[in-house]
Structures are given as structure tokens and as C-alpha cells.
Amino acid sequence: MQPLAITDLQGVGPKLAEKLGALGICQVTDLLFHLPIRYEDRTRIHPIGGISPGQRVLLEGRIEHSAIVRARRPMLVVVLFDGTGRVTLRFFHFRYYQQQQLAKGTRLRCFGEVRAGFKGLEIIHPSYKRLAGDRPEPLADRLTPVYPSTEGLGPKQWLKMTDQALALLQRGALELEELLPRKLLEQLRLKPLAETLQFIHRPPADADVTALVMRAHPSQKRLALEELLAHNLGMQKLRRLQRALSAPVMPPCAAAEAAFLDSLPFALTGAQQRVAQEIHKDLESDKPMLRLVHGDVGSGKTVMAAMAALRATDNGYQTAITAPTELLAEQHLQTFSDWLVPLGIEPVWLSGKVTGKKRSEALQRISDGAPIVIGTHALMQKGVEFQRLGLVIVDEQHRFGVDQRMDLLEKGKTGDRQAHQLIMTATPIPRTLAMTAYAGMDVSVIDELPPGRQPVQTVVISNQRRGEVTARVAKACADGQQAYWVCTLVEESDLIAAQAAEEVAGQLHNELHGLTIGLIHGRLKTAEKQRIMDKFKTGAIHLLVATTVIEVGVDVPNATLMIIENAERLGLAQLHQLRGRVGRGSGKSSCVLMYNPPLGDLARQRMEIMRQTSDGFLIAEKDLELRGPGEVLGTRQTGMLAFRVADLARDADLLKRIPAAADALMQQDPDQADKLIRRWLGDTTRFAGV
Ligand code: ADP
Ligand code: MG
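Positions in the sequence shown are counted from 1; adding 56 to them yields my numbering.
The structure is reproduced here in C-alpha cells:
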């Protein structure tokens, strides 16, 4: 059966197809794997007298009053009455013809969210339908799905498209094979795929909507299982393809390595020695390394990267080192320069912001074979030609999806030769999830902190005691130490975050006379950021006010005090990262978590965990436990993997089944496995190209 293209649906032209394509929807079947985010119950009419704020309800009544109210902006206000009560419908955006439509006496059916207004209950911008005469209008017999919104693609269009797709599905006109192994289906008593999709897209009125919205309904779990399985199979396939390539062999250069270790102001910890050996062993093989170094904040991962890079350099190969932010990449440039320039190796800097003559110079040096190149991830994507790339190091990689892995792989490949890859992360992933998140990678763990580190003392304080906190900052800085003051925002906007941080910096400036206060946020120019970080490093700035841009990796050992404002807004993983900015030297450090009272239950528990432990793994386990159903949809919290349906935390119970199921499928029916990968990960041409 030929798969139907999305343009085979009525009403889907090239323009719409392009929008859908951007969502990964190219075939009609893809549409069915794009699931509703919530449902509206339009199967029954609520008496207006019985509704309450927060409900999303279908109402029916007669318009008792309709007028354009001239406030700051004209507003259309309509009062609906059904014999049991009245509700006000408000339209801030409306056309004049709507006033005619919604004239007094009209019978109306409308749907929307009830809220408490100044004068009783109201609904803002309800969707509505005028009813003709007194004839009863049929009600929906299924719940109405709401799909994730996309610009220029309204709810009606989604309904129209999915209606068609479901009709095709019922007629058996879509190729939707059952790809899960029969044994698994029986074991878990899973419903057939077609039935599952039909149910998710058009659930009956009595379906468990709460479970559906949480994506915890058995029908969604079934899809999550498929997706996790596909992900695992995809990772394994990548690994196999990669194993088939050859990599540069890099034998030891004892003298140079000893000289480097001698030049360090510290000795490696036992854990670092072990991990260095594991990395070196990989580099000595002709199979591409794919190793993840996992070590908590401050465990000393950078020196592992340097040792690997040195091995490549000594063997005449180039190393590319990338970090997720300019700030981090610059810090690496600094550290690597400090360590390697004395050995006669000068790293090349290349970020997206290096332009003009500087850029062409850098590109020239890279194509001439400069041994070490440092920059942001963009470094590997902008047509940069290496002469002999042998090793790619990625610091603080947060995502481990097939896509990210694929990108990395493509970066390091020339012909059938593949550069070694080293990925470093401090994102603690609970052991239960690691198998899936890291599928197909070798993992080294630095499970020991450098000696002399003292645990960071953590206190939780209400905003109302801000005076005490600033006094503490003043004292620490008077004692020759330095501090961070982190402003957190719910908004994702760089601009708003920057403005808020600016305000806080100004305020602190007035409160803390005699201290030099620096301000750093995502909107500053690279050079400016660098200048401020340098000043903070050398101690010329006492207090650094920052947005969460300093979250990962920043290393200033003399900073011993971390203040986090509105800490209740952050998840455990982020709090742990931020706190990891202090306690990096031998001085005693503390972290102050300020909150805006009253503290909710979950936030209180998070604070308590932060007070009790500094063990990243334990924190990650707790994070998983605590992520209540309300939070599970926010994958941003862990930021580990972006799935379409599955969520590592919510679907943790499924994970244990995945490895065995994947093995079974691979053995019994590799073609089926490939189809499953294609269904969920799409674009297999990329796989083929590896
Ligand atoms: P992270 O693992 O968070 O990237 P870094 O590599 O930035 O940690 O190391 C944190 C700090 O610890 C740095 O100042 C680094 O020089 C120092 N460090 C690393 N290894 C050791 C060690 N074995 N002994 C003492 N200090 C070390
Ligand atoms: Mg680091």
C-alpha cells in the first residue's frame, strides 16, 4: 500500500503542507501520531445556574442584552440567560457584524472557560454558534480534541484534517501496521493500534479525561511504549552504523602526558584517573569512541577533556571542543589556554559571533590543521573545514535524543572515517532512566570530588528577610570572598530577564555601598560578558548579579556565596546546578534560597531536599519522585530528551520493558524494527547516510 501524503487530504495545499512538514507531519499517518493536548466536553449542556469559575463548559441560552461598551478600547458585552442563571460573554476583539449576530433575543450555544468577573460569572471570547428557531441542535457524541496550536493552523483545521485521517483509518485505507511484538501486546493486554488512535483522537464522553490530559491513559501508554522502543532501536542502530566505521588510532605519548600532569596545580583524584584510562583505552582503538563522562558539578571533567585532547594532538589529530553557551565556551578557551599554551599549543576560538577577518583567519588556521578548536555548538555546523579532525568533545550536553546524536555523528565524519566523541555532562539522571537516555553510549562516572571541598551549607529564607541576606553578602565580600545573586523569572524572554536583573543590580547597588557589582545576562555582547566574567574572576567585581545564564559550568573558586531569588520557581535540577557554582574552592560556601511566601507544598519539599543533600544522583531521584502529575508535561525540567508522546519521568514504569523488547524485535524481525524507527523518528535517510 502506498502511504498517503498529507496533501492527499481535502483542504491541504502546499502552504499548509509546509507548515505541517515543520511539525514532522508529511504523511497522513503522521497526523495520527500528533496527539491532542486536551479535550473539551461539548457532549452536554450545563445549566448556567450551576457553573463555577475554572470550568470549561458548553452553555445554551437566549441573549438578554447585547451592547458595545466603550472602555479604553471598545468591547462587545453580551448577557446570556437560560432560566437558571446569567453569564456575561466578553469580546475584546470583535467585528461589528458580530454585534448584529449576537443581538438581543438570539438563541446561542457557546463554549469557554468560566471566570469570576466584577459583576458575576463571565466568559472571555467563547466560541459560539447561533441556533435557528427552536429546533434542538444535536450535541457532539465524542469529546472534542484540542491539538497543540501552531501559527496559522486553527482548531477547525485540525479537526477537519484528523476527521479525514480517522475516516481513512476506519476504511483500512492507511498503512498502519502493528509493529509491537505480539508477545508484548498480549502480556500488557494492549488494544490494537487503530483502535488506540481512534480512542485518543475522539474519546467517548465517559472517557477518563484527567488520565488523557496527563497522558497516563492506557491508550497513550501504549504509544509511549512504542516510541520508547523506537528510540532505543534507533540509538542501537546508530551505534551499529557507527561501529562499522573506523576511527584514528591514538597510542599513548607518555612523556607529553606526564609533562602535562606535572604542570597541573593538583593531582588527579582516583576517579579521574580511572576515567582518563577509560577514555585513553577508547582512543587507542580503531573503533570510534562514543563515551559519556558523567560527573557532578565541580568533579573536574574539564581536565579529562584536556587529557583526551592532548592525546589527539600528540598523535597529530585535531580536536573540536564545543559548549552550549558562549560563556562556557569562553571559559574553556581560558582554561585550555592556561594549561596548553605553556606546552606550545594555542587553541583557536570560533563562535558564531566571530566574523569578518577574524573569522577567515580562524577558518584558515583550522583548515591548516590547528590542533585545538574551541567554540559553541555552531562551530561544527557552519561549514568549518578541518584538516584532520580526530576528536569531538561536547561539554554539558543536555539532550541525548537520536537527533542530537545524529548531528554529532555527522559532524565528526569524513568518508568512512569517524572522529572519536566524548560527551561531558553534569545532568544527573536517575539510574532508572539512564539506560534509555544513554542507550548505546559507554558511560564513565567521576564519582569523587577533588579533596578539600566542603559541602555547601544551604539555607532557605523568605524574601521578607532580604535585609539579612544583603547583610550576609556585605560581610562575605568584606572578608575577601565573592558572591552571586541570581534572579529567576518565569518568563522565558531574555529581554524581560535582563531588565529584571538590571533592576535588582540597581537596587543592590543602593543597598551595598562600597561593593563593586557586576551584571551579566543573555542580552550582553560576548565581549562585554567576557569582560565582566574576567573582572569577576580576578576579584575586581565582588558581587555578580546574573540571570540563570550562569547556570552551568562557570568556575570561580573564590565565590563562596550563592543567593537565588525566587528559588521556588526553579526545579531541583536547576537549583543543584546553580548551587554548584559555589563550593569549588577550599573556602566554606553557602547557598541562600530566597522565596516568595507562601511556599507551596512541592516547592517546600524541593527546598527541604536542597537543604538536606548535595548528592546530584539523589537529587535527581527526588526530582523524579516529586514531579507531580501537574508538572510532568514540562519536559523542560529535565531537558533530557524530547519525545512526542513519552516522558521519561511519567513513563518510568515502561522503561524496564524496553531493552528486552528491543532485543526480541531485533532478533525476530529487523525489518519491523526499522519500520518502528521510521514511524517515530522519521527521516531515515539520515540513518542511511551515516
Ligand atoms: P566540572 O566537572 O563541573 O566541569 P571543572 O572541570 O570546572 O568541574 O573543575 C572544577 C574545579 O576543580 C576547577 O577549578 C578545577 O581546576 C578543579 N579541579 C579539577 N580536578 C581537580 C583535582 N583533582 N584536584 C583539585 N582540584 C581539581
Ligand atoms: Mg564543566
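Note that beta-carbon positions come from the ideal geometry of N, C-alpha and C, so glycine has one too.
Nearest residue (CA-CA) to residue i, options the options
| i | options | result |
| --- | --- | --- |
| PHE137 | THR381, GLY672, TYR153 and ARG165 | ARG165 |
| LEU187 | ILE119, ILE573 and LYS337 | ILE119 |
| LYS239 | TRP736, LEU87, GLN724 and THR266 | GLN724 |
| VAL529 | HIS565, ILE675, GLN254 and ILE62 | HIS565 |
| LEU224 | ILE62, LEU655 and ILE479 | ILE62 |
| LEU339 | SER205, VAL331, GLY408 and MET306 | MET306 |
| PRO59 | ALA221, THR391 and ARG151 | ALA221 |
| LEU721 | GLY290, THR669 and MET363 | GLY290 |
Three-state secondary structure (DSSP) of residue i
| i | result |
| --- | --- |
| GLY117 | strand |
| VAL516 | strand |
| ARG296 | helix |
| ALA223 | helix |
| VAL349 | strand |
| ARG142 | strand |
| ILE597 | coil |
| ASP679 | helix |
| PHE137 | strand |
| PHE592 | helix |
| GLN58 | coil |
| PHE442 | coil |
| SER122 | strand |
| PHE150 | coil |
| GLY106 | helix |
| THR604 | helix |
Cβ neighbours of residue i in the same chain (closer than 6 angstroms, five flanking residues each side left out)
| i | result |
| --- | --- |
| ALA312 | ASP370 |
| LEU435 | THR378 and LEU406 |
| GLN586 | GLU386 |
| THR572 | ILE597 and HIS598 |
| ARG662 | LEU628 |
| ALA73 | ILE62 and THR63 |
Limits of the alpha helix (DSSP H) - the one that residue i falls within
| i | result |
| --- | --- |
| GLU313 | 310–319 |
| VAL529 | 522–534 |
| GLU417 | 412–423 |
| LYS409 | Run containing LYS409: none; DSSP gives neither H nor E here. |
| ALA716 | 714–724 |
| GLY326 | 326–339 |
| ARG163 | Where ARG163 is concerned, there is no enclosing alpha helix (DSSP H), although the beta strand (DSSP E) it sits in stretches over 163–173. |
| LEU628 | 628–635 |
| VAL269 | 265–269 |
| LEU230 | Where LEU230 is concerned, there is no enclosing alpha helix (DSSP H), given that its DSSP letter is neither H nor E. |
| ARG94 | From DSSP, ARG94 is part of no alpha helix (DSSP H) but of the beta strand (DSSP E) over 94–96. |
| LYS239 | 238–243 |
| GLN254 | 249–257 |
Neighbourhood of residue i by C-beta, 8 angstroms cutoff - its chain only, sequence neighbours within 5 removed
| i | result |
| --- | --- |
| LEU419 | LEU406, VAL440 and GLU441 |
| GLY67 | GLN213, LYS216 and MET217 |
| LEU389 | PRO403, TRP405 and ILE430 |
| ASP264 | HIS273 |
| THR616 | ALA532, GLN537, GLN538, ALA539, VAL638, GLY639, GLY641, GLY643, LYS644, SER645 and SER646 |
| PRO506 | PHE322, THR325, GLY354, SER355 and GLY356 |
Opening and closing residue of the beta strand (DSSP E) in which residue i lies
| i | result |
| --- | --- |
| ASP451 | 445–451 |
| PRO70 | Looking at the DSSP string, PRO70 is not in any beta strand (DSSP E); the run it does join, the alpha helix (DSSP H), is 70–78. |
| ASP498 | 498–502 |
| GLU178 | 176–180 |
| ALA388 | Looking at the sequence provided, one finds His at residue 388 rather than Ala. Run containing HIS388: none in the beta strand (DSSP E); it sits in the alpha helix (DSSP H), 382–396. |
| VAL429 | 428–432 |
| LEU658 | Run containing LEU658: none in the beta strand (DSSP E); it sits in the alpha helix (DSSP H), 657–668. |
| ARG367 | Run containing ARG367: none in the beta strand (DSSP E); it sits in the alpha helix (DSSP H), 358–370. |
| THR481 | 476–481 |
Cβ-based neighbour list, residue i, same chain, cut-off 7 angstroms, excluding 5 preceding and 5 following
| i | result |
| --- | --- |
| PRO613 | ARG640 and GLY641 |
| VAL125 | MET131 and VAL133 |
| GLY468 | LEU445, VAL448, GLN474, ALA475 and GLN477 |
| ILE714 | LEU284, LEU285, ASN288 and THR492 |
| GLN155 | SER122, ILE124 and LEU132 |
| LEU366 | ALA312, GLU313 and PHE316 |
| ALA717 | PRO237, LEU240 and LEU285 |
Contact test: residue i Cβ vs the ligand COA heavy atom, cutoff 8 angstroms
| i | result |
| --- | --- |
| LEU324 | As for the ligand COA, it is missing from this structure, which binds only the ligand ADP and the ligand MG. |
Would you check if the region 292–299 and the region 313–333 touch, i.e. whether three or more CB-CB distances between them fall below 8 angstroms?
no
Touch test, the region 85–103 against the region 195–205, Cβ-Cβ under 8 angstroms, three pairs minimum:
yes
Are the region 75–94 and the region 217–235 touching by the rule of at least three beta carbon pairs closer than 8 angstroms?
yes
If you pair each beta-carbon of the region 379–391 with each one of the region 509–516, do three or more pairs fall below 8 angstroms?
no
If contact is defined by three or more beta carbon pairs under 8 angstroms, each pair taking one atom from either stretch, is the region 160–174 in contact with the region 106–116?
yes
Indicate whether the contact test is met: 3 or more Cβ pairs, each with one atom in the region 567–584 and one in the region 594–609, closer than 8 angstroms.
yes
I'd like to know if the region 142–162 and the region 178–185 are in contact, where contact means that at least 3 CB-CB pairs between them fall below 8 angstroms.
yes
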